[in-house]
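Residue numbers for the sequence shown follow UniProt numbering, beginning at 1 and rising by one.
Quick reminder that beta carbons are idealized off the backbone N, C-alpha and C, glycines included.
Notes follow the structure.
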Amino acid sequence: MPLFPRLRPDASASAVTALLRAARAQVSPDRPLILDSTLAPLGAEPAREAGWAHTETHVLYETDLRAHTFAPEPGAREVGTDSPAVRALLAELGRADWRPDKDEVLIGLFGPAGEPLALGTVQASGRPDAATLDLIGVRPGRRGQGHGTRLHAHLLGWAAARGFARHVGATDAGDLAMRRVLARHGARETAVQEVYLPLAPQAPERV
């Protein structure tokens, strides 16, 4: 499980470093540290001094599905991974071995000739009345044409039609295109999370 420290906003950098150094000394090499903007001040320097390396930053968001209407996309439908065309697109998207979870629904957006243009999934998030989506991706060469935006809206509508009241999830802070899609569909950013992993111990210098 990740470490989620809860720190006062006015905690000094030295105090944060001391706490994170103590945590670093007690965790396994693959256990992540996550600084959440709702729980702790963000910033890599105290964590770096404590022996943690920043790896990524995520933006968390929530969409009230009851406050918006998402019309079904005529070119979208539920699909299975046994379709050769779907498997080929998954391979193009770098997810050749991907298989959906038990309760995860795979939905494809198809072009006029029946070719899949984009893939995404929707499933329950584990939180009451909340769904989560995974916009797997748009076919290379067909990006920048609005296909991802259309499929994302369809996924939200699919979730709303099945009684989900909210959509929750996270995206990479640097993925500005995805963040624009989320904002266009009514998402509200709720937190920022910085992810760190323990730095490998330095080998002693030879003399």
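| Item | Value |
| --- | --- |
| Segments assigned beta strand (DSSP E), at least 3 residues, entirely inside the stretch 58-117 | 76-78 and 105-110 |
| Cβ-Cβ distance between residue 189 and residue 57 below 8 Å | no |
| Continuous alpha helix (DSSP H) assignments of at least 4 residues falling wholly in the stretch 118-185 | 147-161 and 176-184 |
| Exposure of residue 183, with buried meaning 16 or more beta-carbon neighbours within 10 Å | exposed |
| Proximal residues to residue 117 (C-beta, below 6 Å), its chain only, five neighbours per side dropped | 109, 111, 139, 142 and 147 |
| Within 8 Å, strictly: CB atoms of residue 60 and residue 159 | no |
| Beta-carbon gap between residue 212 and residue 40 smaller than 8 Å | Summary: the structure shown does not reach residue 212, with the chain confined to residues 1 through 207, and so no result is reported for it. |
| DSSP state of residue 191 mapped onto helix, strand, coil | strand |
| Cross-strand partners of residue 46 (DSSP beta bridge) | According to DSSP, which records beta bridges pairwise, residue 46 is partnered with nothing at all. |
| Per-residue burial, residue 29 [other beta carbons within 10 Å of its own, 16 or more giving buried] | exposed |
| Euclidean distance between Cα positions of residue 192 and residue 175 | 13 Å |
| Burial state of residue 91 (16 or more Cβ within 10 Å) | exposed |
| Residue environment, residue 150, which counts as buried when at least 16 other CB atoms sit within 10 Å | buried |
| Bridge-paired residues (DSSP) for residue 36 | 193 |
| Whole-angstrom distance between residue 137 and residue 89, CA atom to CA atom | 9 Å |
| CB of residue 33 within 8 Å of CB of residue 2, strictly | yes |
| Beta bridge counterpart(s) of residue 53 as assigned by DSSP | 197 |
| Reference residue 68, options 106, 54 and 164, closest by Cα | 164 |
| Collapsed DSSP secondary structure at residue 20 in the structure displayed | helix |
| Counted within 10 angstroms of its Cβ, other Cβ atoms place residue 153 as buried (16 or more) or exposed | buried |
| Pair within 8 Å by beta-carbon distance, residue 24 and residue 198 | yes |
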